[in-house]
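*Asks:* My questions will all concern the structure given below.
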Amino acid sequence: MSGARAIELAHVSKIYRRYTGRQFSTLKSALLQRSLLRDLRPDQTFPALVDVSFSVPRGSTYGVIGRNGSGKSTALKIVAGITKPTSGTVRVAGRVSALIELGAGFHPEISGRENVYINGIMLGLTKRQIQERFDEIVAFAELSEFIDAPVKTYSSGMYMRLGFAVAIHVDPDVLLVDEVLAVGDEGFTHKCLDKFAEFRRRNKTILLVTHSLSLVERFCDEALWLDGGRVQAHGDPKRVVGAYLTSVEQSEEQQLAQATARAVAEASREPPAARPAEPNEAASSPPAPDQPPDPTADLFKASEGRWGSREVEIVDVAFLDAEGRPAFVFHTGESLSVRMRVKAQQPVEDFVFGIGLFNADGVCCYGTNTDLEEMTPRRLSGTAEATFRIERLDLVEGTYKVDLAVHKRDGYPYDYHRLLYTFRVKSRTRDVGIYRPPHRWSFSPNVEFDEPQSSVTGRRSSV
Amino acid sequence: MAGGLRLLASEPHTLHSRAPAMVQNLVRLLRYRSLIQSLVARDLKARYRGSVLGFFWTFLNPLLLLVVYSFVFTTVIPNQTEGVQPYALFMFCGILPWNWFASSLSESSGSLIAGGNLIKKVLFPAEILPLVSVLANLVNYLLGLLILLPWLVYYRRLHWSADLLWFPVTVAVQLVFTAALALFLAALTVHFRDIRDLLANILMLWFFATPIIYPWFQDNVRRFKLLFDANPFTHLAVSYQEILFFGPVGHWKWLLALGAASVLLFLGGYWVFDRLRDSFAEVV
Numbered sequence: 009m010s011g012a013r014a015i016e017l018a019h020v021s022k023i024y025r026r027y028t029g030r031q032f033s034t035l036k037s038a039l040l041q042r043s044l045l046r047d048l049r050p051d052q053t054f055p056a057l058v059d060v061s062f063s064v065p066r067g068s069t070y071g072v073i074g075r076n077g078s079g080k081s082t083a084l085k086i087v088a089g090i091t092k093p094t095s096g097t098v099r100v101a102g103r104v105s106a107l108i109e110l111g112a113g114f115h116p117e118i119s120g121r122e123n124v125y126i127n128g129i130m131l132g133l134t135k136r137q138i139q140e141r142f143d144e145i146v147a148f149a150e151l152s153e154f155i156d157a158p159v160k161t162y163s164s165g166m167y168m169r170l171g172f173a174v175a176i177h178v179d180p181d182v183l184l185v186d187e188v189l190a191v192g193d194e195g196f197t198h199k200c201l202d203k204f205a206e207f208r209r210r211n212k213t214i215l216l217v218t219h220s221l222s223l224v225e226r227f228c229d230e231a232l233w234l235d236g237g238r239v240q241a242h243g244d245p246k247r248v249v250g251a252y253l254t255s256v257e258q259s260e261e262q263q264l265a266q267a268t269a270r271a272v273a274e275a276s277r278e279p280p281a282a283r284p285a286e287p288n289e290a291a292s293s294p295p296a297p298d299q300p301p302d303p304t305a306d307l308f309k310a311s312e313g314r315w316g317s318r319e320v321e322i323v324d325v326a327f328l329d330a331e332g333r334p335a336f337v338f339h340t341g342e343s344l345s346v347r348m349r350v351k352a353q354q355p356v357e358d359f360v361f362g363i364g365l366f367n368a369d370g371v372c373c374y375g376t377n378t379d380l381e382e383m384t385p386r387r388l389s390g391t392a393e394a395t396f397r398i399e400r401l402d403l404v405e406g407t408y409k410v411d412l413a414v415h416k417r418d419g420y421p422y423d424y425h426r427l428l429y430t431f432r433v434k435s436r437t438r439d440v441g442i443y444r445p446p447h448r449w450s451f452s453p454n455v456e457f458d459e460p461q462s463s464v465t466g467r468r469s470s471v
Numbered sequence: 145m146a147g148g149l150r151l152l153a154s155e156p157h158t159l160h161s162r163a164p165a166m167v168q169n170l171v172r173l174l175r176y177r178s179l180i181q182s183l184v185a186r187d188l189k190a191r192y193r194g195s196v197l198g199f200f201w202t203f204l205n206p207l208l209l210l211v212v213y214s215f216v217f218t219t220v221i222p223n224q225t226e227g228v229q230p231y232a233l234f235m236f237c238g239i240l241p242w243n244w245f246a247s248s249l250s251e252s253s254g255s256l257i258a259g260g261n262l263i264k265k266v267l268f269p270a271e272i273l274p275l276v277s278v279l280a281n282l283v284n285y286l287l288g289l290l291i292l293l294p295w296l297v298y299y300r301r302l303h304w305s306a307d308l309l310w311f312p313v314t315v316a317v318q319l320v321f322t323a324a325l326a327l328f329l330a331a332l333t334v335h336f337r338d339i340r341d342l343l344a345n346i347l348m349l350w351f352f353a354t355p356i357i358y359p360w361f362q363d364n365v366r367r368f369k370l371l372f373d374a375n376p377f378t379h380l381a382v383s384y385q386e387i388l389f390f391g392p393v394g395h396w397k398w399l400l401a402l403g404a405a406s407v408l409l410f411l412g413g414y415w416v417f418d419r420l421r422d423s424f425a426e427v428v
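Residue numbers (our numbering), protein chains in the order written: chain A, 9 to 471; chain B, 145 to 428.
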């Protein structure tokens with residue numbers, strides 16, 4: 009075992025066996041058909057990890073990210089030795105403590121004190137060691153008043169805190185953490201992070217499975233991205249997280265594209281007359297959020313739809329990025345174009361193109377049309393295109409829906425697409441609101457800030 | 145303990161060294177004895193937690209049972225069989241170890257499912273769970289025996305001789321025998337949950353097929369000697385009755401034979417358990 013590596017996985021695969029039909033095969037039938045041993049063999053297999061290799065240097069913090077079901081937890085369990093790999097080798101140097109499920113061994117009927125002892129022994133401490141650390145554990149869990157009460161009376165937060173406190177006081181060389189920071193209140197989460205920082209200072213190894221990408225960027229020396237049980241990328245956390253985010257966006261794009269196609273198809277199936285034309289109300293486009301006649305109906309569902317005479321029909325709609333490529337996910341500050349392709353059955357001389365942007369709460373962020381912008385229509389014939397370009401998409405992160413319409417100046421609708429199109433805005437900043445005005449901060453010289461957080465990424469424990 | 149775990153963790157866990165793994169796992173069990181000890185203690189404590197009389201029930205249960213049996217067999221359907229008086233005491237010599245046996249099996253058959261959380265989330269040899277069930281019930285048995293003892297002494301049934309040394313031997317044989325079945329059942333119940341219900345009925349039948357509430361030397365029992373001899377618990381029950389109730393122990397050859405068979409059975413049960421071990425975390 010080389011001294012520099014704390015964890016080493018080489019070509020590890022894990023194939024889960026699925027025992028389908030087991031519910032139906034009873035012992036009786038197994039005995040009758042002499043199939044006892046055959047029934048104990050798996051019927052179906054499911055690869056949770058495929059040829060995964062990575063190694064974690066001693067003293068480093070290593071983050072594992074990936075979608076749900078990508079094999080992160082399986083990888084952690086294999087490192088912990090709870091599950092065995094189907095093939096490949098695993099080497100772990102030193103004592104391992106796994107924060108997989110906190111307080112997994114707690115017995116509800118007995119006191120917190122007794123549970124600390126049993127849990128500690130389960131995690132590899134001796135009675136004497138637990139005695140020595142007992143006060144520290146209880147203080148860390150902030151449970152000194154309740155330590156002699158049965159664990160079943162604990163709140164789930166108390167339960168988790170105690171579990172975490174025991175596990176962290178096992179003083180492992182390698183700490184495996186599976187998304188446990190989500191438990192506990194803000195204060196406790198900070199305490200946990202402080203404890204991890206202390207681990208780093210003492211040159212211990214941490215393997216962290218998490219969905220918190222900022223935690224990985226801030227905290228980890230290296231990161232690994234798993235998808236479908238395969239290693240997609242590993243190395244510098246910023247780079248890996250970036251690659252992961254790109255892939256998430258791609259699949260989001262796909263989902264949004266599918267959802268949009270579905271919504272348009274569904275709305276178009278309804279006969280055009282199914283919707284009241286409401287000429288007077290629609291006359292004052294941009295479309296207002298209170299457009300649907302029945303305000304008590306579910307705002308979102310009820311307002312989706314398509315109506316109009318179809319004398320001019322919207323046949324295709326696309327969101328385009330700065331390079332003119334179709335997209336559904338945009339970043340704050342990028343440019344966004346909405347291109348609609350329309351087809352006029354007969355040449356028309358009275359037409360208005362309109363657009364409205366709504367956020368997920370149904371609030372209209374912006375709405376306009378060619379009439380409001382004082383463009384006087386002259387003639388529209390055949391197949392035509394209209395593109396609405398936003399130079400800087402200054403919206404906060406979220407999902408947005410779009411209204412598109414072609415109608416007469418008096419509001420008579422040719423084709424009205426209500427909330428059928430969806431795009432998503434991503435932002436590195438967690439600012440809130442509806443609209444992000446272009447802005448910057450300035451300060452007098454006696455106000456000082458640290459360097460931006462990205463420079464913390466490269467920090468390594470120096471012991 | 146800590147050093148043990150450290151050693152364990154630094155072993156590369158590969159699947160390819162399958163053959164000696166069973167022996168390794170058996171040895172590993174020794175390193176977990178302090179955990180077994182704590183879990184047995186927890187089991188006993190948790191059992192009566194929340195009840196007013198608490199741990200006292202461990203004594204009260206057999207005492208009440210003894211009172212009920214005494215009433216039934218001296219007043220309701222008096223049994224006057226020669227040499228088996230008081231009858232309730234005789235029955236008790238067999239019922240207490242039977243209870244240990246039966247509760248061990250029914251508890252341990254469900255132990256892996258009940259402890260599924262542990263098996264899936266904590267690195268921990270699964271066989272500890274059924275073994276803890278067996279050991280906790282052993283402690284219960286010994287405590288129940290403390291209730292029986294004064295009565296045996298009072299009625300002068302207990303013979304103070306070297307034959308009493310057979311008692312720990314009998315307990316040891318029963319321990320190995322029960323542990324063997326417990327491991328086997330625990331492992332299989334994970335895959336076939338109906339074992340638990342089946343087991344309750346089998347145990348009931350087994351109880352009446354064993355000379356516990358009737359003496360083995362009755363004529364109508366002797367007629368089926370071959371069948372009774374084939375029942376392993378006959379030899380345990382008879383041994384207990386001879387040691388605690390009747391006096392000289394004449395059954396020790398059977399007992400030792402059963403002991404040897406139990407060791408083999410244990411290895412077989414452990415083998416099955418070990419073979420199915422990797423499936424537990426996935427199926428439970």
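Backbone N, C-alpha and C define an ideal beta-carbon position, used for all residues, glycine too.
Every value quoted in this text rests on a predicted model; they were computed, and no experiment measured them.
Consult DSSP for W233 of chain A and reduce its assignment to one of helix, strand or coil.
*Replies:* strand
*Asks:* Would you say D422 of chain B lies against chain A (beta-carbon separation less than 8 Å)?
*Replies:* yes
*Asks:* When you compare the CB of Y443 of chain A with every CB in chain B, is at least one pair closer than 8 Å?
*Replies:* Not closer than 8 Å to any Cβ of chain B, the Cβ of Y443 of chain A fails to qualify, so no.
*Asks:* Taking only beta-carbon positions, decide if T91 of chain A is within less than 8 Å of chain B.
*Replies:* yes
*Asks:* Nearest chain B C-beta to E187 of chain A closer than 8 Å, yes or no?
*Replies:* No, its Cβ sits nowhere closer than 8 Å to a Cβ of chain B.
*Asks:* Only counting the same chain, and skipping five residues up and downstream in sequence, which positions put a Cβ closer than 6 Å to that of G259 of chain B?
*Replies:* So the list reads L273, once near-sequence residues are dropped.
*Asks:* Please list, in chain order, the chain A residues whose beta carbon lies closer than 8 Å to that of K397 of chain B.
*Replies:* Those do not exist, as K397 of chain B stays about 34 Å from chain A at its closest Cβ, beyond 8 Å.
*Asks:* Please look up how many angstroms separate the CB atoms of N367 of chain A and G406 of chain A, rounded, as I've assumed it's under 8 Å.
*Replies:* 6 Å
*Asks:* So if I threshold CB-CB distances at 9 Å, which residues from the region 374-402 of chain A count as touching chain B?
*Replies:* Legend: CB atoms of the region 374-402 of chain A lying less than 9 Å from CB atoms of chain B are not found in any residue.
*Asks:* Are there 16 or more other CB atoms within 10 angstroms of the CB of M348 of chain A, so buried, or fewer, so exposed?
*Replies:* buried
*Asks:* Thinking C-alpha only, which one of A:G74, A:T437, A:T268 and A:S95 is nearest H19 of chain A?
*Replies:* A:S95
*Asks:* Is Q353 of chain A helix, strand or coil when you go by DSSP?
*Replies:* strand
*Asks:* Could you compute how far the alpha carbon of R13 of chain A sits from the alpha carbon of D244 of chain A?
*Replies:* Across the structure, R13 of chain A and D244 of chain A are spaced so that their CA atoms are roughly 17 Å apart.
*Asks:* Assuming contact is defined by CB atoms lying nearer than 8 Å, are F410 of chain B and A323 of chain B in contact in what I supplied?
*Replies:* yes
*Asks:* For a minimum of 3 consecutive residues, which ranges assigned as the beta strand (DSSP E) are wholly contained in the region 206-269 of chain A?
*Replies:* 213-217, 230-235 and 238-243
*Asks:* Taking a contact to mean a Cβ-Cβ separation below 8 Å, would you say T82 of chain A touches A56 of chain A in this structure?
*Replies:* yes
*Asks:* By how many angstroms is the C-alpha of F196 of chain A removed from the C-alpha of T304 of chain A?
*Replies:* For T304 of chain A, the predicted structure reports a pLDDT of 39, less than 50, and the residue's modelled location is therefore unreliable. The matter cannot be settled from this model.
*Asks:* Which value, in whole angstroms, describes the spacing of the CA atoms of I339 of chain B and S250 of chain B?
*Replies:* 9 Å
*Asks:* Judging by CA-CA distance, which residue of B:M348, B:R193, B:T378 and B:D422 is the nearest neighbour of H115 of chain A?
*Replies:* With distances taken between Cα atoms, H115 of chain A lies closest to B:R193.
*Asks:* Which first and last residues belong to the beta strand (DSSP E) in which L412 of chain A is found?
*Replies:* G406 to H415
*Asks:* Confirm, please, whether the CB-CB distance from I356 of chain B to M235 of chain B is below 8 Å.
*Replies:* yes
*Asks:* For R172 of chain B and chain A, any beta-carbon pair shorter than 8 Å?
*Replies:* Output row for R172 of chain B: interface = no.
*Asks:* Measure how close the beta-carbons of R444 of chain A and V404 of chain A come, nearest whole angstrom, since I'm counting them as under 8 Å.
*Replies:* 6 Å
*Asks:* Can you tell me the Cα-Cα spacing of A185 of chain B and M130 of chain A, whole angstroms?
*Replies:* 14 Å
*Asks:* What do you get for G237 of chain A, buried or exposed, if any count of 16 or more other CB atoms within 10 angstroms of its CB means buried?
*Replies:* buried
*Asks:* DSSP three-state call for M383 of chain A: helix, strand or coil?
*Replies:* In the structure shown, M383 of chain A sits in coil (DSSP, three-state: anything other than H, G, I, E or B).
*Asks:* For Y285 of chain B, report the span of its beta strand (DSSP E) as first-last.
*Replies:* No beta strand (DSSP E) contains Y285 of chain B, which is instead part of the alpha helix (DSSP H) from I272 to Y298.
*Asks:* Are A101 of chain A and D229 of chain A closer than 8 Å when you measure CB to CB?
*Replies:* no
*Asks:* Once the 5 residues before and after F361 of chain A are set aside, which same chain residues still bring their CB inside 7 Å of it?
*Replies:* N377, T378, A394 and V414
*Asks:* Tell me, please, which residues DSSP counts as bridged to C372 of chain A.
*Replies:* Beta-bridge partners of C372 of chain A (DSSP): A:F366.
*Asks:* L170 of chain A: which of A:N127, A:T384 and A:W315 sits nearest, CA to CA?
*Replies:* Cα-wise, what sits closest to L170 of chain A is A:N127.
*Asks:* State buried or exposed for G413 of chain B, treating a residue as buried only when at least 16 other CB atoms are found within 10 Å of its CB.
*Replies:* buried
*Asks:* When burial is assigned at 16 or more other CB atoms within 10 Å of the CB, is K369 of chain B buried or exposed?
*Replies:* exposed
*Asks:* With distances taken from CA atoms, which of B:E271, B:H395 and B:W396 is nearest V171 of chain B?
*Replies:* Of the listed residues, the one whose Cα sits closest to V171 of chain B is B:E271.
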